[in-house]
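Protein sequences appear in the order of chains F and S. This note's numbering applies: residue 1 is where the first sequence begins, and numbers increase by one. This note's numbering applies: residue 1001 is where the second sequence begins, and numbers increase by one. Yeah, the Cβ is synthetic: ideal placement off N, Cα and C, and Gly gets one too. On a predicted model such as this, the values are computed, not experimentally measured, just so you know.
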Amino acid sequence: AQKITQTQPGMFVQEKEAVTLDCTYDTSDQSYGLFWYKQPSSGEMIFLIYQGSYDEQNATEGRYSLNFQKARKSANLVISASQLGDSAMYFCAMERGYSGGGADGLTFGKGTHLIIQP
Amino acid sequence: DTEVTQTPKHLVMGMTNKKSLKCEQHMGHRAMYWYKQKAKKPPELMFVYSYEKLSINESVPSRFSPECPNSSLLNLHLHALQPEDSALYLCASSQAQTGREETQYFGPGTRLLVL
Chain F
1 AQKITQTQPG MFVQEKEAVT LDCTYDTSDQ SYGLFWYKQP SSGEMIFLIY QGSYDEQNAT
61 EGRYSLNFQK ARKSANLVIS ASQLGDSAMY FCAMERGYSG GGADGLTFGK GTHLIIQP
Chain S
1001 DTEVTQTPKH LVMGMTNKKS LKCEQHMGHR AMYWYKQKAK KPPELMFVYS YEKLSINESV
1061 PSRFSPECPN SSLLNLHLHA LQPEDSALYL CASSQAQTGR EETQYFGPGT RLLVL
């Protein structure tokens, strides 16, 4: 069974500072995908960034980067130059690789509530 | 365009009512998902449809009945729900390319209150 652990229930960060949100995972699968989603209070889950288990380079998407350390089973999200609009719940998630039956669902961590202060 | 739409946005129903949640995507995705999210908890997978066939049912009670009429539409039929079923119901879709991990794109959700 897969497990995602996010150890920071909440974080307060000053605007314009960089933020690192922690995520560790456990899986017996050789092939897997790691994702980060942002969920504002409105409820929609917004896709931020993806890292495949066989990708050698860390993923980057604008102000978001993923610090992937496969041996340590960690996939931390780094947000550079934080903005007030970054205040939200952030979820780390994992999808198994191809299981032979088509698409798989996501397993989510418990989330980190990030608050950006002016 | 990565838009997934869900209707209604809010729904209040009694325990004897029958209602349906609707989800639609026009991205050509062939996998669609239902998740349930209780307050202050992460989403939990309920169902997965792949190429209009139910491929995963996470032991969801039969009072929740999914339906995939075509590749763009996903419904969740609700009957005889309990107050503990009150939650945010999220729909998602992905390409369903076999052999690859998939990015799932979510809709805005339906907030359901069962009285």
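Classification of residue i by the beta-carbon crowding that lies within 10 angstroms, buried from 16 upward
i: residue 119 (chain F); result: With chain F represented from 1 up to 118, any question about residue 119 (chain F) goes unanswered, as that position is not in the structure.
i: residue 1064 (chain S); result: buried
i: residue 9 (chain F); result: exposed
i: residue 1026 (chain S); result: exposed
i: residue 1096 (chain S); result: buried
i: residue 107 (chain F); result: buried
i: residue 1042 (chain S); result: buried
i: residue 1105 (chain S); result: buried
i: residue 76 (chain F); result: buried
i: residue 1035 (chain S); result: buried
i: residue 109 (chain F); result: buried
i: residue 1028 (chain S); result: exposed
i: residue 21 (chain F); result: buried
i: residue 1062 (chain S); result: exposed
Residues near residue i by beta carbon distance below 6 Å, same chain, minus five either side
i: residue 1033 (chain S); result: 1048 and 1092
i: residue 101 (chain F); result: Since pLDDT at residue 101 (chain F) reaches only 48, below the 50 mark, its modelled position is unreliable, and the value read off the structure follows with that caveat. Nothing listed; no residue qualifies.
i: residue 73 (chain F); result: 24 and 25
i: residue 27 (chain F); result: 2
Residues near residue i by beta carbon distance below 8 Å, same chain, minus five either side
i: residue 58 (chain F); result: 51, 65, 66, 67 and 68
i: residue 13 (chain F); result: 19, 82, 114, 115, 116 and 117
i: residue 15 (chain F); result: 82, 83, 84, 116, 117 and 118
i: residue 1056 (chain S); result: 1045, 1047 and 1048
Alpha carbon of residue i to alpha carbon of residue j, nearest angstrom
i: residue 1069 (chain S); j: residue 1023 (chain S); result: 11 Å
i: residue 1011 (chain S); j: residue 1067 (chain S); result: 19 Å
i: residue 49 (chain F); j: residue 36 (chain F); result: 6 Å
i: residue 1081 (chain S); j: residue 55 (chain F); result: 44 Å
i: residue 33 (chain F); j: residue 53 (chain F); result: 6 Å
i: residue 112 (chain F); j: residue 23 (chain F); result: 10 Å
i: residue 45 (chain F); j: residue 90 (chain F); result: 9 Å
i: residue 1114 (chain S); j: residue 1016 (chain S); result: 10 Å
i: residue 81 (chain F); j: residue 63 (chain F); result: 7 Å
i: residue 78 (chain F); j: residue 92 (chain F); result: 12 Å
i: residue 1031 (chain S); j: residue 60 (chain F); result: 26 Å
i: residue 104 (chain F); j: residue 17 (chain F); result: 36 Å
i: residue 1075 (chain S); j: residue 1040 (chain S); result: 25 Å
i: residue 1037 (chain S); j: residue 1045 (chain S); result: 9 Å
i: residue 43 (chain F); j: residue 1086 (chain S); result: 14 Å
i: residue 1008 (chain S); j: residue 5 (chain F); result: 33 Å
Residues of its chain near residue i, where Cβ-Cβ distance is below 7 Å and the 5 sequence neighbours each way are ignored
i: residue 1109 (chain S); result: 1006, 1088, 1089 and 1090
i: residue 1019 (chain S); result: 1011, 1013 and 1078
i: residue 88 (chain F); result: 38, 39, 40 and 114
i: residue 1071 (chain S); result: 1030 and 1052
beta-carbon residue i near the ligand HEM non-hydrogen atom, thresh 7 Å
i: residue 64 (chain F); result: As presented, the structure is devoid of all ligands, the ligand HEM included, so that no description of it is given.
Chain F contacts from the region 1052-1083 of chain S (Cβ-Cβ distance under 7 Å): 1055 and 1056
Residues, ordered as in the chain, of the region 44-55 of chain F that lie near chain S by beta-carbon distance below 7 Å: 44, 45, 47, 50 and 52
Contact list for the region 1023-1050 of chain S against chain F, Cβ threshold 7 Å: Only 1031, 1033, 1042, 1043, 1045, 1048 and 1050 from the region 1023-1050 of chain S bring a Cβ to less than 7 Å from some Cβ of chain F.
Residues within the region 1101-1112 of chain S neighbouring chain F, beta-carbon criterion of under 8 Å: Residues 1101, 1102, 1103, 1104, 1105, 1106, 1107, 1108, 1109 and 1111.
Within 8 Å of chain S by C-beta, residues of the region 30-43 of chain F in sequence order: Cβ contacts with chain S come from 31, 32, 33, 35, 37, 42 and 43.
Where the region 76-92 of chain F meets chain S: residues whose CB sits under 7 Å from a CB there: 91
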